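Worksheet: the structure to be examined is printed underneath.
Residue numbers (my numbering): 706 to 1110.
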């Protein structure tokens, strides 16, 4: 009995010491960070990661958001005594959303991990099989099916004319093609005027098109829509600064945030979208320093387009990068090649060879056995005169090819 009591006492002592060790480890910042972010590390087999809070996803305790500036701990982890708050669970009273499974190797977890590691996030637009295939093979983190397709694909003079049906058509094409990238589809102008419209169209874009998230434009004026969509379990990317769908109301395609009042407006929009549940925000045509301060203040990634070098990542239009669009050449866009010139040269070459009779050449035509061809001619009653005429034509073609060579 004494031995049994001794064993029991020793066991209880070990359990007490283990519990004390666990409590002490909670005080350790690194361990808490591991608790919060350990399951967010992306892996090729990860497809589902449900019910992660936006606070958990967006926290940057493990990330230095600006050089020389220490990152702040997530709110609610520690109490005023710098000890664990035992009255509440770490994840209580926080906003939840479901992370949609990605058919590719890149997911929201991948994006979040790059953000936490201070790695730049790469994003580009894609609209069809060709652009999606090229961009996906190039290894971009995010493919955006933007409503810019109205200008670069459909020939509109702006993005506000794009319809929901047109967005669905192009989103489906991209989702059928891309195997790795995280996919985001734009909500077209007029599709999120009310909360009900927003929910209906956002659900439709996710269900019918195969996108993993949606993007919509606007700041404080759309927070009620963003909040409702997030509550429905759909990932939302915000878009502030220059918003092309309402560019006329902003005075045209102009840089936003150059005045104190304008910069404060963009800042407040960003804070409001983060509070509403956005997982990231696009900053378009914003002064670099303003975008830097907004990026440092947020706990979610920013994606810049004409917003300078200090955002969490960059997005560009496919046709701007490849040189395929000639109507608009924004200052923030960099042309990495002139694909339009290369394609024009190829098309001119084809037209010229067709007109000169150089195409198709012998290697482009299909052959038939001589005996089969003779039987065919006899069956349809082709005369010897016609045969002679055919032979003369063939000789002329050979002479023409030799002359052109």
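Idealized CB from N, CA, C, for every residue including glycine. Bear in mind that the values here come from a model prediction, so they are computed numbers and not experimental data.
- Beta-bridge partners of residue 957 (DSSP): none assigned.
- In this model, residue 1058 and residue 1098 are separated by some 18 angstroms (Cα to Cα).
- Contact between the segment 1006-1015 and the segment 977-992 is established, with three or more Cβ pairs separated by less than 8 angstroms.
- For residue 851, the closest alpha carbon among the candidates 842, 843 and 869 is that of 869.
- Residue 823 sits in coil when the DSSP states are folded into three classes, being neither helix nor strand.
- The distance from the Cβ of residue 888 to that of residue 915 is about 7 angstroms, consistent with a contact at the 8 angstroms cut-off.
- With a beta-carbon spacing of about 6 angstroms, residue 942 and residue 918 fall inside the 8 angstroms limit used to define contacts.
- In the three-state DSSP reduction, residue 984 falls in the coil class, being neither helix nor strand.
- In the three-state reduction of the DSSP assignment, residue 991 falls in the coil class.
- Under DSSP, residue 918 forms a beta bridge with 889 and 940.
- For residue 1020, the pairing in a beta bridge is given by DSSP as 828.
- By the neighbour-count criterion, in which a residue is buried when 16 or more other Cβ atoms sit within 10 angstroms of its Cβ, residue 957 is exposed.
- Cβ atoms of residue 832 and residue 875 come within 8 angstroms of each other, at about 5 angstroms.
- Where residue 1047 is concerned, the enclosing alpha helix (DSSP H) starts and stops at 1044-1061.
- At the C-beta level, residue 999 and residue 972 come within 9 angstroms of one another.
- Apart from sequence neighbours up to five positions away, the residues of its chain that approach residue 977 with a beta-carbon distance below 8 angstroms are 924, 925 and 928, ordered along the chain.
- Residue 883 is positioned such that its CB atom lies no closer than 9 angstroms to that of residue 920.
- The DSSP-derived three-state label of residue 895 is coil.
- In the structure shown, the three-state DSSP call for residue 923 is strand.
- By the CB criterion at 9 angstroms, residue 830 and residue 1020 fall inside the cutoff.
- Membership of residue 850 in the beta strand (DSSP E) is indicated by the continuous run 847-850.
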